[in-house]
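A quick write-up on the structure given underneath.
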């Protein structure tokens with residue numbers, strides 16, 4: 078087998094593995110089988126896997142940027158639609174029209190349901206106020222971490238140190 082063909086085959090195997098990780102991240106056996114089918118020295122495999130990780134991270138960042146851009150575009154379109162609705166409503170009210178029928182649309186000015194407006198909350202009778210339970214206390218992890226680091230035992234808590242992969 079030629080070195081060029083082997084390189085293409087390895088690239089295809091890594092693409093398949095990246096696809097499996099992205100799409101079927103819960104099927105560990107398929108991922109393990111795909112990884113096992115890649116036959117190259119360990120250091121080369123580690124380097125290629127690190128490249129794959131970087132590519133996946135880059136793709137994830139690109140998706141996140143696209144999502145942020147689409148969210149901004151969505152908000153701008155929503156604002157434009159609301160401005161256009163107000164424009165149509167203002168035009169109809171200025172013309173004294175409650176309804177207009179065109180070839181495509183029937184446009185009508187309708188009343189919204191009544192809305193409650195609170196002018197002075199302190200003047201409301203108690204029957205019209207709701208009571209909210211205060212939130213349950215939550216653990217202060219910073220204080221617990223500081224105590225554990227200082228050697229002070231904290232019942233119900235402990236410190237764990239995990240490992241992570243760093244690719245530089």
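Residue numbers (the numbering used here): 78 to 245. C-beta atoms are modelled at their ideal positions from N, C-alpha and C, and glycine is treated no differently. As the structure is a computational prediction, the values presented were derived from the model and not from experiment.
Closer than 8 Å is the cut-off here; do at least three beta carbon pairs connect the stretch 183–199 with the stretch 167–175?
yes
Of the residues 206, 87 and 151, the one placed nearest residue 197, counting alpha carbons only:
206
Tell me, which residues are paired with residue 178 by DSSP?
183
For residue 133, the nearest candidate out of 156, 108, 95 and 113 (CA to CA):
95
How long is the line joining the alpha carbons of residue 97 and residue 144, rounded to whole angstroms?
23 Å
Does DSSP classify residue 116 as helix, strand or coil?
coil
Per DSSP, what kind of secondary structure is residue 189 in: helix, strand or coil?
Note: residue 189 maps to coil in three-state DSSP.
Using 8 Å as the Cβ pair cut-off and three pairs as the minimum, do the stretch 84–93 and the stretch 110–118 touch?
yes
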